Amino acid sequence: MGSVPARARVYVSSVVVGALLCLAPLPGPHTPWWAVALLAALYAGCEQLTRCRLVGHRAPRGMGTFFPVLLAGAFLLPPPAAALVALPGVLLSRVDQRPRGLRRIWRAAELVIGIWAAAGVHRTLGGRDAVVTSDFPYALVPAGAAVLTFCLVLAVLDGGILASAERMPARTAWRGLFLRSLAPVGVHGLAGLMMAVLWRSPYGPLAALLVLLPMYISCWVFAQYHREQAAHQATIRALVQAVDIKDGYTRGHSERVGQASMMIARELGMDDERVEGLRFAGILHDVGKLGVPTRLLRKDGPLTPQERRIIELHPEYGHEMVRGIGFLDEARSAILHHHERLDGSGYPYGLAGRQIPEFARVVAVADAFDAMTSTRSYRRARPVPAALEELENCAGAQFDPRMVTALVRALRRHGWHPVVTADAPAADVPPPRGGPRPAAAVPTEPEGRRDTAGGRTS
Numbered sequence: 001m002g003s004v005p006a007r008a009r010v011y012v013s014s015v016v017v018g019a020l021l022c023l024a025p026l027p028g029p030h031t032p033w034w035a036v037a038l039l040a041a042l043y044a045g046c047e048q049l050t051r052c053r054l055v056g057h058r059a060p061r062g063m064g065t066f067f068p069v070l071l072a073g074a075f076l077l078p079p080p081a082a083a084l085v086a087l088p089g090v091l092l093s094r095v096d097q098r099p100r101g102l103r104r105i106w107r108a109a110e111l112v113i114g115i116w117a118a119a120g121v122h123r124t125l126g127g128r129d130a131v132v133t134s135d136f137p138y139a140l141v142p143a144g145a146a147v148l149t150f151c152l153v154l155a156v157l158d159g160g161i162l163a164s165a166e167r168m169p170a171r172t173a174w175r176g177l178f179l180r181s182l183a184p185v186g187v188h189g190l191a192g193l194m195m196a197v198l199w200r201s202p203y204g205p206l207a208a209l210l211v212l213l214p215m216y217i218s219c220w221v222f223a224q225y226h227r228e229q230a231a232h233q234a235t236i237r238a239l240v241q242a243v244d245i246k247d248g249y250t251r252g253h254s255e256r257v258g259q260a261s262m263m264i265a266r267e268l269g270m271d272d273e274r275v276e277g278l279r280f281a282g283i284l285h286d287v288g289k290l291g292v293p294t295r296l297l298r299k300d301g302p303l304t305p306q307e308r309r310i311i312e313l314h315p316e317y318g319h320e321m322v323r324g325i326g327f328l329d330e331a332r333s334a335i336l337h338h339h340e341r342l343d344g345s346g347y348p349y350g351l352a353g354r355q356i357p358e359f360a361r362v363v364a365v366a367d368a369f370d371a372m373t374s375t376r377s378y379r380r381a382r383p384v385p386a387a388l389e390e391l392e393n394c395a396g397a398q399f400d401p402r403m404v405t406a407l408v409r410a411l412r413r414h415g416w417h418p419v420v421t422a423d424a425p426a427a428d429v430p431p432p433r434g435g436p437r438p439a440a441a442v443p444t445e446p447e448g449r450r451d452t453a454g455g456r457t458s
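This note's numbering puts the first residue of the sequence shown at 1, with every later residue one more than the last.
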């Protein structure tokens with residue numbers, strides 16, 4: 001949301017107005033303001049814990065780590081008072097991306113509406129009396145309904161912001177948001193219910209605070225997981241930079257292929273885990289080039305049959321290099337098979353049609369697209385429309401038509417704005433000895449060489 005579209009601003013403004021309406025009937029004189037203040041301070045303090053070294057100052061924000069405090073407020077307080085609990089913590093929280101002010105306001109309004117709705121459902125179903133009298137198992141019914149309401153409201157609002165700010169189609173924006181939030185928020189709801197029951201018990205609020213200890217521990221564990229993921233990212237980045245240094249003509253190519261692969265995956269409706277796996281596959285698809293002699297990668301003239309066979313080993317080299325990296329999972333199949341062709345004329349194993357793994361079919365299209373739209377030693381970059389037309393012409397023989405169609409739809413909707421950290425290739429690269437090379441086939445990789453028939457060999 002660095003450059004926020006006008007319709008996104010209108011949408012955020014509408015949600016803010018809705019939040020103000022939730023707060024409009026201010027709590028009456030019988031509201032336990034000390035409880036509101038204590039819960040609000042507690043939630044704000046919990047939000048600040050993510051800056052603590054023990055938890056990890058780079059831990060992701062906005063993941064609902066301390067939703068138990070907000071839900072406990074929904075179980076203990078009238079709806080308008082419960083909605084106030086979220087405000088100080090959200091408005092004081094750190095925001096890493098711009099526009100920071102708008103993001104804070106959006107998050108505050110979203111939580112106000114979510115907690116207000118959850119508290120209203122809980123009170124309507126008699127949850128307040130069930131908490132006061134510790135009426136189990138009935139107390140679980142209004143608490144469960146409140147959690148479902150909270151998840152539903154957040155899913156609806158989050159989907160709306162994705163559709164308006166990111167211009168996602170409605171089908172994609174809302175898909176899976178509600179179901180993915182049920183399990184974690186359900187656990188937080190149980191912790192919030194425990195807090196509320198202990199709060200109303202003879203042991204008082206201090207006993208209720210003990211419920212947060214296991215939540216803090218879970219936050220610490222999550223932070224360790226996040227650090228491990230960051231280490232994985234650093235490892236991948238080092239491998240990609242090594243490939244970029246070895247073959248300067250393709251600097252940034254791997255990152256762009258990863259981005260295009262993600263666009264195809266999202267258009268196909270893949271879940272977040274597979275989308276991330278395809279990003280890794282696209283980024284690492286050429287890592288096997290580290291096993292290819294540099295003189296062959298940088299050779300200006302045509303390759304001999306023996307040299308071509310050596311370069312065609314790079315998918316197998318890459319697969320062996322990442323074999324022990326467990327989190328890559330399906331990405332390994334794309335690294336090994338991204339040069340297979342639908343008609344069976346590809347390499348290394350000559351797979352055809354559905355024998356080729358889905359990830360490999362996605363990366364093959366993304367790889368070819370970036371090859372055509374990037375300036376190389378033997379030709380200038382083609383315009384995006386021309387590259388897409390070429391992909392469509394080769395769909396069915398070289399590429400999976402479904403993947404090509406997904407890329408075309410994604411680019412028509414979002415455009416092509418690759419963001420890479422590597423240096424871009426030079427704008428004016430002289431052609432190799434012997435003059436420009438023909439463009440008789442769609443390149444599945446920009447740094448390869450053509451044989452005498454015009455087909456890509458690497």
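No residue lacks a Cβ here, since even glycine has one placed at the ideal position from N, Cα and C. Quick caveat: nothing in here was measured; it's all calculated off a predicted structure.
Under the DSSP definition of a beta bridge, residue 234 lacks any partner.
When DSSP states are grouped into helix, strand and coil, residue 381 belongs to the coil group.
In this structure, 32 is the residue among 401, 32 and 91 with its C-alpha nearest to the C-alpha of residue 78. Looking at the DSSP output, residue 386 sits in no beta bridge, so it has no partner there. Listed in chain order, the alpha helix (DSSP H) elements of length 4 or more contained wholly in the segment 311-335 are 314-321.
Residue 391 and residue 11 have their C-alpha atoms spaced approximately 37 Å apart. Listed in chain order, the non-local C-beta contacts of residue 343 below 6 Å within the same chain comprise 397, local neighbours out to five positions each way being set aside. The segment 187-197 makes no contact with the segment 164-173: fewer than 3 CB pairs, one atom from each, lie closer than 8 Å. Here residue 271 is exposed: its Cβ has fewer than 16 other Cβ atoms, across all protein chains shown, within 10 Å.
In this structure, the beta-carbon distance from residue 89 to residue 44 falls below 7 Å.
Of the candidates 180, 131 and 128, 180 places its Cα closest to the Cα of residue 151. An exposed status is given to residue 3, since fewer than 16 other beta-carbon atoms sit within 10 Å of its beta-carbon. For residue 415, there is no enclosing alpha helix (DSSP H), since its DSSP letter is neither H nor E. Listed in chain order, the beta strand (DSSP E) elements of length 3 or more contained wholly in the segment 101-146 amount to none. Secondary structure of residue 395 (DSSP, three-state): strand. Residue 30 sits in coil when the DSSP states are folded into three classes, being neither helix nor strand. Fewer than three pairs of CB atoms, one per stretch, sit closer than 8 Å, so the segment 332-350 makes no contact with the segment 228-248.
Going by beta carbons, residue 145 and residue 74 fall outside the 7 Å limit. Out of 369, 293, 117 and 303, the CA that lies nearest to the CA of residue 395 is found in 369.
Per DSSP, the unbroken alpha helix (DSSP H) holding residue 264 starts and ends at 253-267.
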